[in-house]
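S.K.: Submitted below is the structure of interest, expressed as structure tokens.
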Amino acid sequence: MSRRVRVLVAAWPWLLALVICGPALAPGYVLSYDMVWVPNLALDRDAWGLGTALPRAVPSDAVVAVVDNVVPGHLLQKAILLASLGLAGYGAARVCRGQGAAAAIAAASLYEWNAFVAERLVLGHWPLLVGYAALPWIVVAGRRLRRGDRSAWSALAIGLAASATSAVGGLLGIAVALATQAGGPAATRRRRIGAVLATGLAVNAPWVVAGLAMPGGTVSDADAVERFGVEPEGWLGRLGALLSLGGVWNAEVVPDSRDTPIALLGLVTVAAMVVWGWRRWLAADRHEAVAFAGLAIIGLAIGLAGWLASDAVGWTGARLPGGGLLRDGTRFVPLLALGQAIAFGWAVQALADRPRRAVATFAVVLAAVWPLALLPDLAWGAGDRLRAVSYPDAWHDAGRAVDRLEADGDLLVLPFTAYRAPSWNHDQPVLDPAGRFYDRDTVVNDDLVVSGELIDGEDPRADAVEAALTGDAGADAVAARLAELGIGVVVVESDAGPAGVSLAGLTSVWQSDRLAVYAVPGPIADPPEPAAGRVVAVAAAWIAAIGVIGTAIVGAARRRWRPPHAPRG
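As structure tokens, then:
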């Protein structure tokens, strides 16, 4: 490639990222469903994986809690969103750069601009998108390792660590890394696979061990599987939605363009290009092409399992630790997306190599922008749904009131529901920010409502709190029961609805038209502490992960800045 073309290839994914983020880059925080960012996230027990709730935010919350002491939370969020999207597209371009500029740009477009990115972005699954961005970089490093470049281990370890920002992302990263080791020298294959598995296990250890060490285990509600299964989108049906990288269970986050005939046209045209490109990929690197086809089949099977085999998936989630990760099967769509993007790039490059320049140029331009035309409502914050907002002054005042309290115990937020749609957030649904906003361990409701049906949470302490709130006892008895459960402070969000329980037994500390802070009369029981064995196991997992990541970063830095060898005399 010429220098001008290299600059174009490098800039294209970042231009797409800017177009996608749009209003999210304005001052403030983007709060959308599970995407909850606060000014200063506390490094509490839940962040380490030592709380009573399932460690769903391990290790992402701990990483944010550490980094936002250096980088303000609102800036850190924008940097992560922009970097996740830009690095996803740029990584796909790097994977296909050897085929040519057309392949690189086409792969970047398809991998960065698709239904999976749109739906997960609005749903707020930013840790999964960080892992999604890491996958193509894992391919780049894995290819080097397969060719015998031992120095690639550092890059591979860093990529696996980035993918492990979420549990499913960590599994995807290991699967992709293993696929890159297909073929290569047979003499070193076992050693390479062992290195990948050992590294992957180490960087994923925090969430793995935190889940296995949970007192009640990590099983999930078997009856909830069907509600998280792949959903049809417009003309595509369930299979078409999944093949076109969509099908998420929450219809509210699905772009409107998915319910149009052009979505079906896009599926047909992209599928034809992918099949053609995969055949060329197969001829060039049979082992890798077959391995990535296998990944796509696995991703497709898991995505459909909640619909076609809900009983089996439910049994797995209810009996096997961590089996609940399969409940939302469309989270495994990246196994499909990565192979599609690479094969799409091969096909576009074949068109670009045609002798008739005008036809080739038109085909390349069309292929580069075709994914954008199929999903125009991903632009500008997913159709202006991702807008930055500021927390009202009342939230900061309530936080200071909570900090001034000398009362013992944890914090409870009422009404005791998981999601809010506050007017100051443009009525956009969001997981209650209070669970992260206050600098005190907070008990939150982890029940979910999907398609109008309640899915019970897994936190036993939250269940006990809910039982105390919904009983027939008087106000004094409710306050006494909260004290027994280790609750010392109650915050009521009046703009989220009525508290749902009498507050007469609590002591008013501070009030505004939006929020109110109450103290629970003592004595307050000590909040439950994790068992010593659990603390040791989780600490060992974090030490192992940090050790591997630190070693990889130091190794990469030493190779990057190593001075050239002096010429021999």
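According to our numbering, the sequence shown holds residues 2 to 570 in order. Where a beta carbon is used, it is the ideal one built from N, C-alpha and C, also for glycine.
1. If I'm right that GLU1 touches ALA242 with Cβ under 8 Å, what's the distance once you round it to whole angstroms?
2. Kindly indicate the opening and closing residues of the beta strand (DSSP E) around THR624.
3. What three-state label does DSSP hand MET215 in the structure shown?
4. Can you tell me where the beta strand (DSSP E) holding ASP411 begins and where it ends?
5. Can you give me the C-alpha to C-alpha distance between ARG569 and ALA558, rounded to a whole angstrom?
6. Would you tell me roughly how many angstroms separate the C-alpha atoms of LEU432 and ASP442, rounded to the nearest one?
7. Taking 9 Å as the threshold (C-beta atoms), are GLY318 and ARG332 in contact?
8. Can you give me the C-alpha to C-alpha distance between LEU367 and VAL271, rounded to a whole angstrom?
9. Have a look at VAL10 and ALA361 and give me their C-alpha separation to the nearest angstrom.
10. Taking C-alpha atoms, which residue in ASP257, PRO531 and LEU173 lies nearest to ARG386?
11. Would you decide whether TRP562 is buried or exposed? Buried here means 16 or more other CB atoms lie within 10 Å of its CB.
12. Determine whether the beta carbon atoms of LEU336 and LEU161 lie at a separation below 9 Å.
13. Can you give, in chain order, each stretch of the beta strand (DSSP E) that sits fully within the stretch 380-436 and has at least 3 residues?
14. Is it the case that the stretch 272-291 contacts the stretch 339-352, given that we only count it when at least three CB pairs across the two stretches are under 8 Å?
15. Give me the residue from LEU88, ALA66 and ASN251 with the minimum Cα distance to GLU454.
16. Please name the residue, chosen from ASP394, GLY52, LEU82 and LEU55, that lies closest to VAL65 on a Cα-to-Cα basis.
17. Taking the alpha-carbon of PRO28 as reference, which of ALA178, GLY315, HIS75 and GLY458 has the nearest alpha-carbon?
18. For the candidate residues ALA142, ALA206 and THR166, whose alpha-carbon lies nearest to that of GLN182?
19. Grouping DSSP H, G and I as helix and E and B as strand, with all else coil, what is TRP261?
20. Entirely within the stretch 332-371 and at least 4 residues each: give me those alpha helix (DSSP H) ranges in chain order.
21. For VAL275, which of ASP440, ALA294 and ARG4 has the nearest alpha-carbon?
22. Quickly, what does DSSP pair ILE583 with across the bridge? List them, please.
23. Quick one: what's got a C-beta closer than 7 Å to ALA214's C-beta in the same chain, skipping five residues either side?
24. Would you mind reading off the limits of the beta strand (DSSP E) that contains GLU494?
25. What is the rounded straight-line gap between the Cα of LEU179 and the Cα of SER167?
26. How big is the Cα-Cα spacing for LEU485 and VAL479?
27. Is ALA58 close to chain D, meaning its C-beta is less than 9 Å from at least one C-beta of that chain?
28. Which residues does DSSP pair with MET36 in a beta bridge?
29. Whose C-beta lies closer than 6 Å to the C-beta of VAL31 among residues of the same chain, with five residues either side of it excluded?
30. Compute the beta-carbon to beta-carbon distance between SER221 and GLU467, rounded to the nearest angstrom, for a pair I have assumed lies under 8 Å.
31. In terms of residue numbering, what span does the beta strand (DSSP E) encompassing LEU327 cover?
32. Can you find a heavy atom of the ligand MN that lies under 8 Å from the Cβ of LEU202?
33. Under 8 Å by Cβ, that's how I've got LEU136 and SER164 pegged, so tell me the actual separation to the nearest angstrom.
34. What is the residue span of the alpha helix (DSSP H) that VAL169 lies within?
35. When DSSP builds the beta bridges, which residues end up paired with VAL444?
36. Is it buried or exposed, MET36, if we count other Cβ atoms within 10 angstroms and call 16 or more buried?
M.R.: In short, the structure shows the following:
1. No information on residue 1 is available, as it lies outside the stretch 2 to 570 that the chain covers here.
2. Nothing in the structure corresponds to residue 624, since the chain is present only between 2 and 570.
3. coil
4. 411-415
5. Its pLDDT being 43, under 50, ARG569 is placed unreliably by the model, and the measurement read from it follows with that caveat. Their backbone Cα atoms lie some 25 Å apart in a straight line.
6. 16 Å
7. no
8. 12 Å
9. 17 Å
10. ASP257
11. exposed
12. no
13. 411-415
14. yes
15. ASN251
16. LEU82
17. HIS75
18. ALA142
19. According to the sequence displayed, residue 261 carries Thr and not Trp. In this structure, THR261 counts as coil in the three-state DSSP scheme.
20. 335-353
21. ALA294
22. With the chain covering only 2 through 570, there is no way to say anything about residue 583.
23. ARG535, ALA538 and VAL539
24. 488-494
25. 18 Å
26. A small fix is needed here, since residue 485 is Glu in this sequence, not Leu. Approximately 10 Å, taken between the alpha carbons.
27. Reference to chain D is not applicable here, since this structure consists of a single protein chain.
28. SER33
29. ALA25, LEU387 and ALA389
30. Not quite, the Cβ-Cβ distance comes to about 18 Å (not below 8 Å), so this is no contact.
31. Segment: none, LEU327 is in no beta strand (DSSP E) and carries neither H nor E.
32. In the structure shown, the ligand MN is absent, as is every other ligand, since no ligand is present at all.
33. 7 Å
34. 168-180
35. LEU413
36. buried
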